[in-house]
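Positions 1 to 128 (the UniProt record's numbering) are the ones given, in order, by the sequence shown. Note that CB positions come from ideal geometry on N, CA and C, so glycine has one too.
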Amino acid sequence: MTGETIRLDKWLWFARFCKSRTLAAKLCETGKVKLGGKPVAKANQMLRVGDVLTFPLGPHVRVIEVAALGTRRGPATEARTLYADLAPPEAKPPTPPEEQSPAARERGAGRPTKAERRATDRLIDPFE
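What follows is the structure, encoded as structure tokens:
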């Protein structure tokens, strides 16, 4: 390899966007990965430094610029040096106050407490 280009699936694996190279190849073959705005049909598409990739990853769409090609699948700190994230950071919606406290619930909602279970057991069999 000359060091100027690298296979798309291999780079996705090096940059830790996919857990295995097989999964990276499958992501490429679905047609959801776009290289410079054009869909990629095969995993053997060659990447160069400066190329822009767009692909879905979980609930987000990633827009990535290739900063370096890489030579191995290293630690996450090394993988972050291979790309620049061009997507703007997404703001998290504020959580409603009723969802912030899991201990606050209305009486009778959800599972019974230990005291409620004991009271029910006394009603069913008072001699135990």
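Exercise. Any heavy atom of the ligand HEM closer than 6 angstroms to the Cβ of ILE64?
Worked result: The ligand HEM is not among the ligands present in this structure, which contains no ligands whatsoever.
Taking the alpha carbon of ARG62 as the point to measure from, which residue in ARG111, VAL33, PRO112, GLU78 has its own alpha carbon closest? Looking at the Cα atoms, VAL33 is the closest of the given residues.
- Task: Report the residue from LEU69, ALA24, HIS60, VAL49 whose alpha carbon sits nearest the alpha carbon of PRO88.
- Result: HIS60 is the residue among LEU69, ALA24, HIS60, VAL49 whose C-alpha sits nearest the C-alpha of PRO88.
- Task: Excluding the 5 residues preceding and the 5 following ALA76 in the sequence, name in chain order all residues of the same chain whose CB lies nearer than 8 angstroms to its CB.
- Result: So the qualifying residues of the chain are ARG16.
Query raised in the report: Mapping DSSP to helix, strand and coil, what is MET1?
Result: Only weak support exists for where MET1 lies, its pLDDT of 45 falling under 50; the coordinates are left without a value.
**OP:** Assign GLY70 to one of two classes, buried (16 or more other C-beta atoms within 10 Å of its C-beta) or exposed (fewer than that).
**Re:** Buried: at least 16 other Cβ atoms inside 10 Å.
Open item on the list: Using the three-state DSSP reduction, which class does LEU51 fall into: helix, strand or coil?
Closed with: The sequence given here places Asp at residue 51; Leu does not occur at that position. Here ASP51 carries a coil assignment [DSSP, helix/strand/coil].
Practice task
Using DSSP bridges, identify the partner residues of ILE64.
Solution key: According to the DSSP secondary-structure assignment, ILE64 is paired through a beta bridge with LEU53, ASP85.
What first and last residue would you give for the alpha helix (DSSP H) that runs through CYS28?
Segment 21 to 29, the alpha helix (DSSP H) holding CYS28.
Exercise. Select from PRO56, VAL49, ASP125 the residue whose C-alpha is nearest the C-alpha of THR81.
Key: Measuring from the Cα of THR81, the nearest candidate turns out to be VAL49.
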